[in-house]
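J.: Chains as they are written, first to last, in my numbering: chain A, 1 to 281; chain B, 282 to 516. All residues carry an ideal CB built from backbone N, CA and C; glycine is no exception.
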Amino acid sequence: MKTVVGVKTYDEAATMLRLGADELYGGLAAVPNHRLPAQSFQTMDEIKAAVKLTRKLGRRFSLLVNQPSFGAKSRKTLAVARELDEAGLGACIVREIPMLESLAALGLKARLTVSSLALCFNLPAMRRYKQLGASRVVLPFQLLPGEAAPLIKNRYGLETEVFFHADFCCANIDPACRLWNLTHRDQTCRFSYKGPGGRWRMPEANAREKMRAVYGFYHSGARYLKIIRMNDFSEELEVFKFARIVDKLLAKGQSEEEFARLGEKLYFTVSRHARSAWKKR
Amino acid sequence: MKIERALQLSAPALRAAAPGAFKKAGLLYLGDEFCQNLVPSPEDFALALAKFPGRVALVTPLLTDAAFDSVEEIIKAQSSPRRRLEVVVNDLGLLHTLKTRYARRVLVSLGRVFAHRVKVMPRSFAAGFLKKHNVKRVELDDPALLPRFEGLGLKVSFHTPFRYVSVTRFCPWERHWPAGCGYACEGRVKELEHPRLPAPLLLKGQAYGLKTGAPPRHPAIDRLVQEPLPAGRRK
Chain A
1 MKTVVGVKTY DEAATMLRLG ADELYGGLAA VPNHRLPAQS FQTMDEIKAA
51 VKLTRKLGRR FSLLVNQPSF GAKSRKTLAV ARELDEAGLG ACIVREIPML
101 ESLAALGLKA RLTVSSLALC FNLPAMRRYK QLGASRVVLP FQLLPGEAAP
151 LIKNRYGLET EVFFHADFCC ANIDPACRLW NLTHRDQTCR FSYKGPGGRW
201 RMPEANAREK MRAVYGFYHS GARYLKIIRM NDFSEELEVF KFARIVDKLL
251 AKGQSEEEFA RLGEKLYFTV SRHARSAWKK R
Chain B
282 MKIERALQLS APALRAAAPG AFKKAGLLYL GDEFCQNLVP SPEDFALALA
332 KFPGRVALVT PLLTDAAFDS VEEIIKAQSS PRRRLEVVVN DLGLLHTLKT
382 RYARRVLVSL GRVFAHRVKV MPRSFAAGFL KKHNVKRVEL DDPALLPRFE
432 GLGLKVSFHT PFRYVSVTRF CPWERHWPAG CGYACEGRVK ELEHPRLPAP
482 LLLKGQAYGL KTGAPPRHPA IDRLVQEPLP AGRRK
């Protein structure tokens, strides 16, 4: 599968390209996107340099526009997209329909990708996004391979991208989750709650189930594997390495059971990010 | 203004419901906004029409293609220009399909998950979007959202006593992905406490939420939707 890797500095972009990332994506702190400003490029000059470098190497850089924006911020977003388009931007990753329509109206050379946060769960939704100008859809985190197969094999000419579930998958459906608003400071989805039968945590798929999801996506025909942005780039490098090993295992044609067993072992040995995420549970 | 009373039931709750369980409601909301396993099959919907003397609205969540087909089958079978079916919609694919194929056969209400997407649209865009998709009503459970939908020409159905906060597709009751549902959530609510939260979280179906009090008074609210929380059963 082709790897699509999140970066937040020029150096990270250069490193990932050197290591063989097929595509990059990132946000600009001044443009609303779904991560904290610290997880985005800080200046226009730096992201523009990353876009140019990626383009020079014949690969694609996508700008994240995956958070709602209004008024001046919306205008700023469009201006940034236009300026980066001239520098060789490959695509904009968009969540909300108004922004998708505004970007389509600009007539950029950059393509339009529908963010996983847009929750495209079925072919009619996909067809609608195609009508709105999209050329690729990032499948939602909690859509399973069997459910996603019709979308991956769609006849509308839309590409699909899947997250590297083996490393990360939210317990809840991200854009439909407002747990953060309960305290405005805690990841309440990670709390150890007092439930009727004792301690209770919001469940999520375990490592083996996540590996099965990766296997299923691969065999459903998914060809773009997305790796999330992380605060700690050294952890992201480990996840990238993990993804590359997993991809090689998939290409070897192992059985699902064998792949899940090996993948689970790798999950806890190769990726420090995975280990620390698991410890938090 | 007279406030209409509606009762929300999932498909398995309907199957288990005793005769006379719906006496106080004039309208039945059948389905679920958060889990596609709780949405009625075409057979369930026909059963509801037989059991319930009033109108029945179809309530839908985000839909995979398989669930979409089942929902569309109900719409095809149970709607007509003379007998328009009310459909609560949380999925863009369904919203668009209702507009393009069934506009004269359905009444569209914007569901609680989708409402959070429309609330972040620029206001003029939201007005056009709702009009284009023939949306005449919105489902809300949070009084704070009422001002965000004022002036858009929508009637409001207000849900009590459960205000949804989050939703998952990894079943918290059976601890697996959606396939192979054993309906372990049926008739149960789990109360989850944490010292940093002002009130316990409730787990109902695949949604986490908060228990709410009496509904607010607001001129746009013309319907109250009661979502039963099983009393004294918190396990």
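Since Met211 (chain A) and Ala171 (chain A) are thought to touch, with beta carbons under 8 Å apart, how far apart are those beta carbons, to the nearest angstrom?
T.: Between Ala171 (chain A) and Met211 (chain A) the Cβ distance is about 18 Å, and since that is not below 8 Å, they are no contact.
J.: Which class does His440 (chain B) belong to by DSSP, given the choice of helix, strand or coil?
T.: Here His440 (chain B) sits in strand by DSSP.
J.: According to DSSP, is Arg75 (chain A) helix, strand or coil?
T.: Of the three classes helix, strand and coil, the one that applies to Arg75 (chain A) here is helix, per DSSP.
J.: Which partner residues does Leu482 (chain B) have in the DSSP bridge list?
T.: Answer is B:Leu473.
J.: Please say whether Arg55 (chain A) and Asp22 (chain A) have beta carbons closer to each other than 8 Å?
T.: Not in contact: Asp22 (chain A) and Arg55 (chain A) (Cβ atoms no closer than 8 Å).
J.: Taking a contact to mean a Cβ-Cβ separation below 8 Å, would you say Leu483 (chain B) touches Phe439 (chain B) in this structure?
T.: Not closer than 8 Å, so no.
J.: Along the chain, which unbroken stretches of the beta strand (DSSP E) at least 3 residues long are found entirely within the stretch 325-411 of chain B?
T.: With a minimum length of 3 residues, the continuous beta strand (DSSP E) runs that stay inside the stretch 325-411 of chain B are 336-340, 366-370, 387-391.
J.: Within 8 Å of any Cβ in chain B, is that where the Cβ of Tyr156 (chain A) sits?
T.: Closer than 8 Å: no.
J.: Check whether the Cβ atoms of Ala13 (chain A) and Leu57 (chain A) lie closer than 8 Å to each other.
T.: Not in contact: Ala13 (chain A) and Leu57 (chain A) (Cβ atoms no closer than 8 Å).
J.: What is the DSSP secondary structure of Gly513 (chain B), counted as helix, strand or coil?
T.: Residue placement at Gly513 (chain B) is poorly supported in this model, since its pLDDT is 47, which falls under 50; the coordinates still yield a value, given next. The answer is coil: DSSP assigns Gly513 (chain B) none of H, G, I, E or B.
J.: Confirm the yes/no value for this check: CB of Ala302 (chain B), any heavy atom of the ligand ADP, distance under 7 Å.
T.: Ligands displayed in this structure: none; no statement on the ligand ADP is therefore possible.
J.: Return the first residue and the last residue of the alpha helix (DSSP H) that Ser234 (chain A) is part of.
T.: Note, Ser234 (chain A): alpha helix (DSSP H), 233-251.
J.: According to DSSP, which residues form a beta bridge with Cys92 (chain A)?
T.: Partner(s): A:Leu63, A:Leu112.
J.: With distances taken from CA atoms, which of B:Pro342, B:Met282, B:Leu388 is nearest Pro362 (chain B)?
T.: Answer by Cα proximity: B:Leu388.
J.: Under the DSSP definition of a beta bridge, which residues are partnered with Phe41 (chain A)?
T.: Phe41 (chain A) is bridged to A:Leu28.
J.: Is Val506 (chain B) helix, strand or coil when you go by DSSP?
T.: Of the three classes helix, strand and coil, the one that applies to Val506 (chain B) here is strand, per DSSP.
J.: What residues are listed by DSSP as bridge partners for Trp200 (chain A)?
T.: A:Tyr193, per the DSSP bridge assignment.
J.: Please list, in chain order, the residues of the stretch 314-334 of chain B that have any C-beta partner in chain A closer than 8 Å.
T.: Listed by position along the chain: nothing, the set is empty.
J.: From the DSSP secondary-structure annotation, give me the bridge partner or partners of Leu290 (chain B).
T.: Looking at the DSSP assignment, Leu290 (chain B) forms a beta bridge with B:Leu311.
J.: Can you tell me the Cβ-Cβ gap for Cys316 (chain B) and Pro342 (chain B), rounded? I've got them flagged as a contact below 8 Å.
T.: Sure, about 6 Å apart at Cβ, within 8 Å.
J.: To the nearest angstrom, how far is the alpha carbon of His397 (chain B) from that of Val65 (chain A)?
T.: Approximately 18 Å, taken between the alpha carbons.
J.: On a CA-only basis, which of B:Leu433, B:Cys462, B:Tyr464, B:Val416 is nearest Pro403 (chain B)? Give me that one, please.
T.: The shortest C-alpha separation from Pro403 (chain B) is found at B:Leu433.
J.: Below 8 Å between beta carbons is the criterion; list the residues of the stretch 349-363 of chain B that meet it against any residue of chain A, in chain order.
T.: Under the 8 Å Cβ criterion, the stretch 349-363 of chain B contributes Phe349.
J.: Could you compute how far the alpha carbon of Pro497 (chain B) sits from the alpha carbon of Pro424 (chain B)?
T.: Each residue's Cα considered, the two are about 7 Å apart.
J.: My assumption, with CB atoms under 8 Å, is that Phe395 (chain B) sits in contact with Asn371 (chain B). Please give the rounded CB distance.
T.: Sure, about 5 Å apart at Cβ, within 8 Å.
J.: Taking 8 Å as the cut-off, decide whether the C-beta atoms of Glu161 (chain A) and Val7 (chain A) are in contact.
T.: No.
J.: Can you tell which of A:Asn33, A:Thr15, A:Pro32, A:Ala87 has the C-alpha that lies nearest to the C-alpha of Ile47 (chain A)?
T.: The shortest Cα separation from Ile47 (chain A) among A:Asn33, A:Thr15, A:Pro32, A:Ala87 belongs to A:Ala87.
J.: For a contact meaning CB atoms closer than 9 Å, what does His377 (chain B) contact in chain A?
T.: Residues of chain A passing the Cβ test: Pro124, Ala125, Arg127, Arg128, Gln131.
J.: According to DSSP, simplified to helix, strand and coil, what is Arg229 (chain A)?
T.: Coil at Arg229 (chain A), not helix or strand.
J.: For the alpha helix (DSSP H) that contains Leu433 (chain B), what are its first and last residues?
T.: Looking at the DSSP string, Leu433 (chain B) is not in any alpha helix (DSSP H), and its letter there is neither H nor E.
J.: With Ala488 (chain B) as the anchor, note down where its beta strand (DSSP E) starts and where it stops.
T.: Element bounds for Ala488 (chain B): 488-492.
J.: Say whether chain B places a C-beta atom closer than 8 Å to the C-beta of Tyr193 (chain A).
T.: Interface residue, yes.
J.: Cβ closer than 8 Å: which chain A residues qualify as neighbours of Ser447 (chain B)?
T.: Per Cβ cutoff of 8 Å: Asn172, Ile173, Ala176, Cys177, Arg178, Leu179, Cys189.
J.: Measure the C-alpha to C-alpha separation of Ala408 (chain B) and Lys400 (chain B) and round it to an integer number of angstroms.
T.: Between Ala408 (chain B) and Lys400 (chain B), the C-alpha separation is close to 11 Å.
J.: Using a C-beta cutoff of 8 Å, does Pro37 (chain A) count as contacting chain B?
T.: Chain B contact via Cβ: absent.
J.: Kindly indicate which three-state DSSP category Lys2 (chain A) falls into: helix, strand or coil?
T.: Three-state DSSP puts Lys2 (chain A) in a strand.
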